[in-house]
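Contents: one structure, followed by commentary.
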Amino acid sequence: MRIDIITVLPKMFDGPLNQSILQRAQDAGVVEINIHNLRDFSTHKQKSVDDYQYGGGAGMVLMIEPISNCIEALQKEASYDEIIYLTPDGVLLDQGAANKLSTLSNLILLCGHYKGIDERVRQHLVTKEISIGDYVLSGGELAAAVLTDSIVRLLPGAISDETSALTDSFQDGLLAPPVYTRPAEYKGMKVPDILLSGHEANIDKWRHDQAEKRTADRRPDLRE
Ligand code: 6GU
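Residue numbers (the working numbering): 28 to 251.
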């Protein structure tokens, strides 16, 4: 898979994409992630990428021209399945959406900033709009990093233990059951006996029951 991220704040991606599973997936060639500074596609002397909004009002708006230039340059290198704009008024990201996106080959993620982007970008260039939750972030960068992580960890070869992505919370519509590691007892706090029993079928049943209980307690909406 190839993911191209367009942003005015490329440094925001230095940390999140270069650790752990995301770094290993890139090292292993499972995914190629490229960060593009929108300013590099400005045709203005000052390299500006935003301007005042027509009709008046506070806040700068990202201009269509540098965004279009950047997308056109990328489309000379690859053919993209989706051009995704990260925005709080997009469709909410969930595990099902991440699963679907992980089956595609090439994605462009466009991060908005300031007051927003020219509506013509959304109408004519973008193919999908995604929000990561009902709260407001300062820009789309953190959302793009979240989306990238949710997709890349699902790619074959990204996680060494192939089964572990499948037992995540949400993957089967249930929250994940509790897990424990050594010691078996710490300051009087004990690991449930059944996990030490070695009885695989009973352990599977216990885990499933715990997942059901946790989901009913915390996220009854997931069961509907
Ligand atoms: Cl994608 N962008 C911004 N700015 N805020 C958000 C968001 C995206 N998703 C939730 N809040």
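Ideal Cβ positions, reconstructed from N, Cα and C, are used throughout, including at glycine.
- In terms of Cα proximity to I178, the closest of H226, A125 and I110 is A125.
- Counted as a single uninterrupted DSSP element, the beta strand (DSSP E) harbouring L89 occupies residues M87 to L89.
- In this structure, P115 has its beta carbon less than 7 Å from a heavy atom of the ligand 6GU.
- Separation of the CB atoms of S106 and N64 is rounded to 23 Å, and the pair is thereby denied contact status at 8 Å.
- At least one heavy atom of the ligand 6GU lies less than 7 Å from the C-beta of I159.
- Annotation: the continuous alpha helix (DSSP H) that includes L223 extends over D220 to L223.
- Between the stretch 68 to 87 and the stretch 37 to 46 there are fewer than three C-beta pairs closer than 8 Å, too few to call the two in contact.
- Shown here for M28: same chain residues with a beta carbon closer than 8 Å to its own, the five before and five after excluded, namely V57, V58, E59, S129, L131, S132, N133, L134, I178, V179 and L182 in chain order.
- Distance from the C-beta of G42 to the nearest heavy atom of the ligand 6GU is not below 7 Å.
- Considering only G86, A55 and M90, the residue with the shortest C-alpha distance to T34 is M90.
- Under the DSSP definition of a beta bridge, M216 partners with Y213.
- Burial of D31 is indicated by the presence of at least 16 other C-beta atoms within 10 angstroms of its C-beta.
- Shown here for M39: same chain residues with a beta carbon closer than 6 Å to its own, the five before and five after excluded, namely E168 in chain order.
- Runs of the alpha helix (DSSP H) lying entirely within the stretch 109 to 134, each at least 4 residues long, are 122 to 128 in chain order.
- According to DSSP, N45 shares a beta bridge with no other residue.
- In chain order, I94, S95, I98 and I110 place their CB closer than 7 Å to the CB of L152, counting only its own chain and leaving out the 5 sequence neighbours on each side.
- In terms of side-chain proximity, the C-beta atom of G184 is found no nearer than 7 Å to any non-hydrogen atom of the ligand 6GU.
- A check of alpha carbon separations from D78 across G143, P210, I159 and P219 identifies G143 as the nearest.
- A direct Cα-to-Cα measurement between D199 and L193 gives close to 8 Å.
- Counted as a single uninterrupted DSSP element, the stretch harbouring D67 is not any alpha helix (DSSP H), since DSSP gives it neither H nor E.
- Sixteen is the threshold: when 16 or more other Cβ atoms of the shown chains lie within 10 Å of the Cβ of D145, as they do, the residue is buried.
- In the DSSP assignment, R29 falls within the beta strand (DSSP E) that extends over R29 to T34.
- Nearest neighbour of R149 by Cα position, chosen from D220, S69 and L136, turns out to be L136.
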